[in-house]
Amino acid sequence: MYTVEAPPAQVYFFSSMPQSNESLLHNLAHELRQPLSTIESIAYYLELALPHSDPRVLEQLTRLRHLVEQSGWILNDTLSLARQSTTHPEAVDLDELFSEFVFEQVQHDSYWPHFDLALAGAPVWMDFQQAREMVQGICRFFRTVARPGTEILVETFVLSSGSILLRVRAEGQNLDDSSLPPGSSLTLEWMERIASQNSATLTSQVQDPAQLELTVEVPPAPQEHSAHPEFEEAGSSFRVGELPEPIAQGTL
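Numbering-wise (this note's numbering), the sequence shown opens with residue 3 and increments by one.
Now the structure itself:
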């Protein structure tokens with residue numbers, strides 16, 4: 003007589019330990035990134051596979067990819083707001099961060115708006131990573147709220163007090179709190195926190211006719227930290243659209 007043993011039952015253990023809000027948000031972002039990435043891949047495939055005889059098709063596919071990108075930034079900004087952070091201030095070339103980010107976007111996205119950079123070339127005293135995130139947030143915010151086809155002006159000034167004033171202006175659309183594009187309020191909140199943590203002040207206001215202006219007043223880098231060769235040059239005359247000659251790989 004033969005007996006057949008049943009396979010051992012599978013037992014699943016679920017943690018009953020409560021998760022922190024930050025941990026829950028991190029898990030949520032992790033789970034959402036995969037479907038968002040899949041949607042973006044499908045949009046790229048359709049863009050290559052479908053005929054381009056109808057420009058409306060390409061426009062909608064591009065819009066779809068931008069919405070996926072926007073969703074990713076919403077997740078990033080939410081995680082940043084939930085995360086405790088500390089600052090490690092150093093001399094930061096804010097102008098260089100703007101130039102690098104705008105350069106990268108112009109080269110990889112033909113729909114990126116035109117940024118006119120009028121920069122003073124003075125270093126600020128900020129946490130480097132937070133300064134980079136603030137610059138990216140400002141550019142993304144204005145890309146979202148600016149009226150299509152308009153120019154976005156980015157200026158930096160050295161005030162009489164010694165502080166550095168960053169001013170960004172553009173003609174906007176639907177500029178009121180109730181109709182700002184999704185994620186815009188999160189981006190503004192995150193940038194305000196960065197400014198506060200770095201002893202800076204950030205303000206935004208709508209001016210007539212429908213012009214949005216954002217200003218950030220940032221402490222200057224102490225003299226002993228700003229006397230470096232990269233900060234001795236005069237203000238930059240860089241303009242987007244006037245791309246420099248490419249540098250050969252492996253050269254400085």
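Ideal Cβ placement from N, Cα and C applies to all residues, glycine included.
Taken atom to atom, the span from the alpha-carbon of Leu66 to that of Cys141 is near 20 Å. Distance from Glu215 to Gln207 at the Cβ level is roughly 6 Å; contact confirmed, criterion being Cβ atoms closer than 8 Å.
As the crow flies, the alpha-carbon of Phe144 is around 8 Å from that of Ile154. Assignment of Pro184 by DSSP, reduced to helix, strand and coil, places it in the coil class.
For Arg169, the enclosing beta strand (DSSP E) begins and ends at 166-173.
When the beta-carbon positions are compared, Ala124 and Val160 come within less than 8 Å of each other. According to the DSSP assignment, Ala93 belongs to the beta strand (DSSP E) that extends over 91-94. Distance from the CA of Pro222 to the CA of Val126, rounded to the nearest whole angstrom, comes to 4 Å. The three-state secondary structure of Glu98, taken from DSSP, is helix. Residue environment: Arg171 is assigned as buried (16 or more neighbouring CB atoms within 10 Å of its CB, all protein chains considered).
Distances from the CA of Glu92 to each of Val137, Met128, Ile76 were compared; the closest alpha carbon is that of Met128. When secondary structure is reduced to three states using DSSP, Glu219 falls in the strand class.
Each of Leu99, Leu52, Ser187 was checked against the Cα of Gln72, and the nearest Cα belongs to Ser187. As DSSP reads the structure, Ser206 sits in a beta bridge with Leu216. When Val70, Leu26, Met136, Leu30 are compared, the shortest CA-CA separation from Ala45 is found for Val70.
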